[in-house]
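Residue numbers (our numbering): 1 to 176.
Okay, structure first, notes after.
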């Protein structure tokens, strides 16, 4: 825009050039009233705080929510057709999945329990951030009974508490 303005101004006759004059009579800091001085200080502080906040937001990386996906799928890899009836002595299978979204490498363990008795232990599973582990897992009930709870308990390294739990209910029969 400056180049266009200079070009157009150069094409004008010398008598047609307009010049803007500013009458500035700066009174300086001493000439300001106490109210204007206070408002100026407040304005400068607000500008400095805003610049500081902007620098902080720009330089500080945002870490999203940290969590672990833990899921079970049916044998076909879909959230359906879970085993509901199992013959005593036979194995039932599901697909167990873990996705690490903890923003760091994590070591996991999984206990498969049937009515609070450990049936299988899986791990240690070392997963980097955004890494996924998905595998078929089998379990075999040891006694006949209805509505037996199959628990998949996920643990993280350094934590003795269960991190996540998934439940599956099965009926165990002696034969079909």
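Note that beta-carbon positions come from the ideal geometry of N, C-alpha and C, so glycine has one too.
Counting only residues of its own chain and dropping the five nearest sequence neighbours on each side, residue 70 has a CB closer than 6 Å to the CB of 98, 154, 164. Beta-bridge partners assigned by DSSP to residue 92: 139. Runs of beta strand (DSSP E) with 3 or more residues, each lying fully within the stretch 82-126, are found at 85-87, 92-101, 106-114, listed in chain order. Contact check for residue 96 against residue 137 passes: the beta carbons are separated by less than 8 Å.
Counted as a single uninterrupted DSSP element, the beta strand (DSSP E) harbouring residue 154 occupies residues 145-156. A contact between stretches requires three or more CB pairs, one per stretch, nearer than 8 Å, and the stretch 106-117 meets this requirement with the stretch 143-163. In this structure, DSSP gives residue 166 an extended state, which the three-state scheme calls strand.
Here the C-alpha atom of residue 116 lies approximately 26 Å from the C-alpha atom of residue 100.
When only Cα atoms are considered, residue 158 and residue 128 end up about 16 Å apart. Between the C-alpha atoms of residue 49 and residue 12 there is a straight-line separation of about 47 Å.
Assignment of residue 161 by DSSP, reduced to helix, strand and coil, places it in the coil class. With a 10 Å radius around the Cβ and a threshold of 16 neighbouring Cβ atoms, residue 30 comes out exposed. Here residue 131 has 100 as same chain residues with Cβ atoms under 6 Å from its own Cβ, once five neighbours each way along the sequence are excluded. In terms of Cβ geometry, residue 150 and residue 168 form a close pair [threshold 8 Å].
DSSP places residue 50 inside the alpha helix (DSSP H), whose first and last residues are 34-59.
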